Each structure stands twice: as structure tokens, then as C-alpha cells.
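For the sequence shown, the residue numbers in mature numbering (1 follows the signal peptide of the UniProt record, and there is no 0) are -26 to -1, 1 to 341.
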Amino acid sequence: MSCSSLSLLFFLISLQIHFLAPAASAFPLFQECAPSNCGGQEVSYPFRLDKQPRYCGHPDYELELDCDGDSLTLSMESLKYRVIHMNTSTQILVVARLDLSEDICLETYNETTLDWNLFNYTSNDLNSTLLFDCDSRPNPPWPTSPSYRFSCPESQDGYFFLGVDLPKPLPDPCSSIVHVPISKSETLGFPPPWMDGNESATISEILNKGFEITWILNTSSQCESCNKSGGRCGYGYGWTGEKFNCFCPDGAYLTTCPGSPIPANVPSTPPAPRIFPPAFLALTVGSLAPSSSSSYASLANCHQLLLIIIFANFYRALSDHAQYGACMPRNCIYGPKISYPFRIYGEQESYWGYPNFKITCKETYLS
């Protein structure tokens, strides 16, 4: 194959790469706020995992949400809950107390409490009561409904009253009481209690089914619109203030993709990568076309052309990397652009700046 034929072939390949490859990497925040998976559970707005930037979740739901192995746990009101299911459309979490999931013989008798400003129970929840360290089974006027007996190593028998919310004070024969919600639908079909059996396994099975809580803040409609438009939900990005954000592949918007672009001195898309366009390569092809009959010169020109094309596309690949756009200088409020060795704390990863050179964006000033 002649050098001119090779030149034409290389040019066509480069042209194809130029138009098929994306012109720039996706908006960094769109990538950062992608739904996370933990133990088969998808975690997304208004929640976020600790490893994600704060603008990926809603500030009111800055809860300790940890992914420990294949288990997702939620910390609230001094208790930890195992997250069994998360439905962002219905705004419902199915959770189970982590301490009772491991062992119903508690070391500390903590009541089940919610942050009522953030969550509430649903109509599918049913009250139940655990009584600990009882001399005997409580007698009327305590409930005569079915109760499951259990034993703990260092105390006397306990009783679990299914679907009953026992009030305080405690019955005389028992020393501690704990109320735990359970799911109505999950208790159907459970066997009746044995009169003299230790039914710890049955009780654990009921409690491990969990119960429902719903978050009060209405996030489903706004976030659903953003998701349907191809975006990912966030809140309070940089200088936008306390507002909902829709992070899209080409930038951040206030509603959907595309929508009302966020007003600020920041490009809605990362800067175009510095690449060698096909026009440049076409000129190169012409300049390197063989001018003599020497086969050696022709071969040398072909090698030069090949090296230029490889270098151009390698440079493009580096420019397209997600971190290229992510590490671009950013504005903070109305101040100057923030760039290396500094980084914006809470919005940029630690490797985007020199250690301890972090800047906090306040509403009207930098600190």
C-alpha cells in the first residue's frame, strides 16, 4: 500500500474517532451523584453515602448512612437501623433495629424513637411490646392476646406481645419494657405461640422483617422530573444557595435537563478538551505527502503521520478524562476562582488540592 493510501486511511480513522467520541467528559457532579449501591439497595437523593459530596443529598437528611460490607445502616436518635428497602417514589424506607436484629436479649433497653421532623410511621405499621426479666407472664389487666416467650442467659423470661402497645408503668413481674413497630403485612401467617416454648427464633424473624417509615419532605415529584429528563438530583450546589439542583451530563440546572441554567460565572459544561481536529490532520496529510520518488522518504513520512495521529488521539483521551473537568478552577460565591493548591471543602475531593489547603464557601464570603 502506498504512503498516500496509508495517509488517507489514517485520516479517515481519525475523522471517525473525532465524531464518535464525546467532545468532553460528563459534568463531574453528574458522575459524583450517581445512585450508589449497597447490599443490593440503591441509595439516592435525598440521601447519600458518607463518601459522596454533600450536594448529592438534602441537608435535612444528613444522616449517618453507612455501607458496611453488604449491609446498609441508618443512624438516628442514638439507634442504628438496618435498611431493608428504599423506595424514593413512595418516599418509604423499610428498616429494622440493628440491635434487635442481632439478638433480642438487649444490653440496653432503648425505646424505638424517630426524628419526627424528618420521619413518620406509615399505616402499615403495628405496635408491639417486649417485656424483659419477668418473674412470670403478666396477668390481666395486661393483654390476654397471644404473647411469645423468650429466654435470655442472664435474666428471667421475657415476653413479646404481637400487635399490642403496652403502656407504662411496667407490670409488676417485669423489669424493663421496649416498644418496637412491626409490619402488619409481615406478621400474617405466623404460627401461634407455644405456651411453654422458647420462641426467640420466631420473635427475631418478626422483628427482622422491619417496619416502614416515610420521610416528610416532599422530594419525589421534583426529583422524579429531574430523573426522567436524564438528570440526577442534588441540593445547594456551590453558590446557588439552598435550592434543588438537577445535575445533567452537560451541567447543573434548577429543574430538569435542560432547564433554567444555574446563574453563575461557571460554564454549564466543562471546557472543551484541547484536541487536534480533523482539519489539522488533513493539513498534516498534505504536508507529509511524498515529494520524491525515494521509498525511504515516503516510509519516513508515513511513520511521522502515524505518530502524529496517535499523539493527537492520546492527548484527546487524556483531556476527556472526568478529572480534567472536575479539577477546573471554580468560583466560590462572588470571590475569585479557586484552583490548585486550594480546593473547595465539601465540594471537591481531597486530591484536587494540596493537603490542608481547603476553603469553605459561606453565603457571602470565603473562609
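Note that beta-carbon positions come from the ideal geometry of N, C-alpha and C, so glycine has one too. Small disclaimer: the values here were computed from a predicted structure and weren't measured.
- Short of 6 Å from the beta carbon of Asp131, and not among the five residues preceding or following it, lie these beta carbons of its own chain, in chain order: Cys108, Arg123, Ser125.
- Residues of the same chain with a CB within less than 6 Å of the CB of Gly208, apart from the 5 flanking positions on each side, are Cys7, Tyr29, Cys30, Asn219, Phe221 in chain order.
- Proximity to Tyr35 across Ser45, Arg111, Leu23 peaks at Leu23, based on C-alpha coordinates.
- In this chain, the alpha helix (DSSP H) harbouring Cys197 covers 194 to 202.
- Residue environment: Gly205 is assigned as buried (16 or more neighbouring CB atoms within 10 Å of its CB, all protein chains considered).
- Annotated as distal: Pro155 and Leu74, with beta-carbon spacing of 9 Å or more.
- For Glu51, the closest of Glu160, Val57, Glu38 by C-alpha to C-alpha distance is Glu38.
- When C-alpha distances from Leu104 are compared across Glu173, Asn94, Tyr55, Pro9, the shortest belongs to Glu173.
- Distance between Ser203 and Arg111, taken at the CA atoms: about 59 Å.
- Sequence-distant Cβ neighbours of Pro20 in its own chain, meaning closer than 6 Å and more than five residues away, are Gly31, His32, Tyr35, Thr193.
- One thing to note: Ile58 has its Cβ within 9 Å of the Cβ of Val68.
- Between Pro223 and Cys231, the alpha-carbon positions lie close to 9 Å from each other.
- Here Thr64 is not near Ser18, since their CB atoms are 9 Å or more apart.
- For the pair Leu53 and Thr87, the CB atoms are nearer than the 9 Å cut-off.
- By the Cβ neighbour-count rule, Glu186 is buried, with 16 or more other Cβ atoms within 10 Å of its own.
- Boundaries for Thr188: no alpha helix (DSSP H) harbours it, while the beta strand (DSSP E) harbouring it runs 185 to 189, taken from the DSSP string.
- The Cβ-Cβ distance between Gly210 and Glu216 falls below 9 Å.
- Nearest neighbour of Asn182 by Cα position, chosen from Asn201, Phe93, Glu76, Thr82, turns out to be Glu76.
- Straight through space, the alpha carbons of Gln5 and Thr188 are spaced by roughly 27 Å.
- Distance from the CA of Lys25 to the CA of Ser157, rounded to the nearest whole angstrom, comes to 32 Å.
- Around the beta carbon of Ser102, 16 or more other beta carbons sit within 10 angstroms, so the residue counts as buried.
- When secondary structure is reduced to three states using DSSP, Glu76 falls in the helix class.
- Here Tyr83 carries a coil assignment [DSSP, helix/strand/coil].
- Nearest Cα to Ile180 within the set Ile312, Ile190, Leu162, Gly327: Leu162.
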